[in-house]
Amino acid sequence: MKSIIEHVVLFKMKEEASESEVESFVEQVNSLISLSEPLHLTMGPLTTIQSFPLSSLNFTHILHIRFSSKQDLHAYAVHPTHVSVVNDNQSLVVDKMALDWVTEVHGDDLVLAAEYALRVVFFKLKEGLEEEVKDEVLKGINGIQRGKVAQFTCGENFSVGRSKGFSIGSLAVFPGLSELKEVDSDEEFRKYEKIKENLDTVLLLDYVGHGQTPS
Numbered sequence: 000m001k002s003i004i005e006h007v008v009l010f011k012m013k014e015e016a017s018e019s020e021v022e023s024f025v026e027q028v029n030s031l032i033s034l035s036e037p038l039h040l041t042m043g044p045l046t047t048i049q050s051f052p053l054s055s056l057n058f059t060h061i062l063h064i065r066f067s068s069k070q071d072l073h074a075y076a077v078h079p080t081h082v083s084v085v086n087d088n089q090s091l092v093v094d095k096m097a098l099d100w101v102t103e104v105h106g107d108d109l110v111l112a113a114e115y116a117l118r119v120v121f122f123k124l125k126e127g128l129e130e131e132v133k134d135e136v137l138k139g140i141n142g143i144q145r146g147k148v149a150q151f152t153c154g155e156n157f158s159v160g161r162s163k164g165f166s167i168g169s170l171a172v173f174p175g176l177s178e179l180k181e182v183d184s185d186e187e188f189r190k191y192e193k194i195k196e197n198l199d200t201v202l203l204l205d206y207v208g209h210g211q212t213p214s
């Protein structure tokens, strides 16, 4: 098993942005796979976004990157090429949030397949919970069976400033969209009282991805 960082950023593009402007931004971000830090990088439009209970969060695009370490994540964040892409396109983005968590995957699973479907779930816990309760919730989420999932990671967010109060992220990889759709969108975690009773908000996001590896 190899320790990695899951880095997930959500974007809401302004409604007035043209399709070509948004596509150009996505292409520029996807080109950042050429940098030395990312193990895997993909950005594109979300196919589904749901929140329980309903909230005003309404993102349009997702960016998923994997890094070997927090140091690589930081180096990527301050890299001039990355900073330039962000600055050149910041006028297109009206809202964004990000979660980062440490997890482990098998070495062969670092880079996702050429085609796959992704379900990302962010969890906001109720305020004032004891650490041991948070740990129980995290263990419960990790222990849920998810049908034909090819890979699953879950962890506690360590980038508090950009998370809008969400503290746990999970990421499930499916071979394709049909396998993902077989999973109840209501998610098994809502059937477990120990998890459900401690949740404030759940944000569920689906994405059909394309694998990219560093050249």
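So the sequence shown is numbered by numbering that gives the first Met the number 0: it starts at 0 and just counts up by one.
The C-beta atom is built at its ideal place from N, Cα and C for all residues, glycine as well.
Predicted, not measured: the structure shown is a model, and the values here were computed from it.
1. Return helix, strand or coil for residue 76, following the three-state DSSP convention.
2. Is the Cβ-Cβ distance between residue 39 and residue 92 less than 8 Å?
3. State the CB to CB distance for the pair residue 46 and residue 205, rounded to an integer number of angstroms; the pair is presumed to be in contact (CB under 8 Å).
4. Where does the unbroken beta strand (DSSP E) through residue 107 begin, and where does it stop?
5. Does the separation of the CB atoms of residue 95 and residue 13 fall below 8 Å?
6. Mind checking which residues open and close the alpha helix (DSSP H) that includes residue 23?
7. Is the CB-CB distance between residue 168 and residue 98 below 8 Å?
8. Assuming residue 119 and residue 194 make a contact with CB atoms under 8 Å, what is their CB distance in whole Å?
9. To which residues does DSSP link residue 123 through a beta bridge?
10. Do residue 123 and residue 41 have their C-beta atoms within less than 8 Å of each other?
11. Work out the CA separation of residue 136 and residue 24 for me, nearest whole Å.
12. Since residue 140 is in the alpha helix (DSSP H), which residue starts that stretch and which ends it?
13. Where are the alpha helix (DSSP H) runs, 4 residues long or more, that stay fully inside the region 41-99, in chain order?
On the basis of the supplied data:
1. Here residue 76 refers to the residue found at position 77 of the sequence shown. Correct three-state label for residue 76: helix.
2. On the sequence shown, residue 39 is found 40 positions in, with the first residue counted as 1. On the sequence shown, residue 92 is found 93 positions in, with the first residue counted as 1. In this structure, residue 92 does not lie closer than 8 Å to residue 39 by Cβ.
3. As a first step, residue 46 must be located in the sequence shown, where it is residue number 47. As a first step, residue 205 must be located in the sequence shown, where it is residue number 206. Residue 46 to residue 205, Cβ: 5 Å. Contact.
4. For the purposes of this step, residue 107 is identified with residue 108 of the sequence shown, where counting begins at 1. Residue 107 -> no beta strand (DSSP E), and no H or E assigned at all.
5. Counting from 1 along the sequence shown, the entry for residue 95 is found at position 96. Counting from 1 along the sequence shown, the entry for residue 13 is found at position 14. Against a cut-off of 8 Å, the Cβ pair of residue 13 and residue 95 comes out as no contact.
6. As a working note, residue 23 is residue 24 in the sequence shown. For residue 23, the enclosing alpha helix (DSSP H) starts and ends at 18-29.
7. On the sequence shown, position 169 is the one that residue 168 refers to. On the sequence shown, position 99 is the one that residue 98 refers to. Contact check for residue 168 against residue 98 passes: the beta carbons are separated by less than 8 Å.
8. One-based indexing of the sequence shown puts residue 119 at position 120. One-based indexing of the sequence shown puts residue 194 at position 195. No, residue 119 and residue 194 are not in contact; Cβ-Cβ is about 17 Å, not under 8 Å.
9. If you number the sequence shown from 1, residue 123 lands on position 124. Its beta-bridge partners are 200.
10. In the sequence shown, the residue the question calls residue 123 occupies position 124. In the sequence shown, the residue the question calls residue 41 occupies position 42. Cβ atoms of residue 123 and residue 41: not closer than 8 Å.
11. Along the sequence shown, read from residue 1 onward, the residue named residue 24 stands at position 25. Along the sequence shown, read from residue 1 onward, the residue named residue 136 stands at position 137. The straight-line gap from Cα to Cα measures roughly 37 Å.
12. Within the sequence shown, numbered from 1, the residue matching residue 140 stands at position 141. Segment 130-141, the alpha helix (DSSP H) holding residue 140.
13. Fully enclosed alpha helix (DSSP H) runs of 4 or longer: 69-77 and 79-88.
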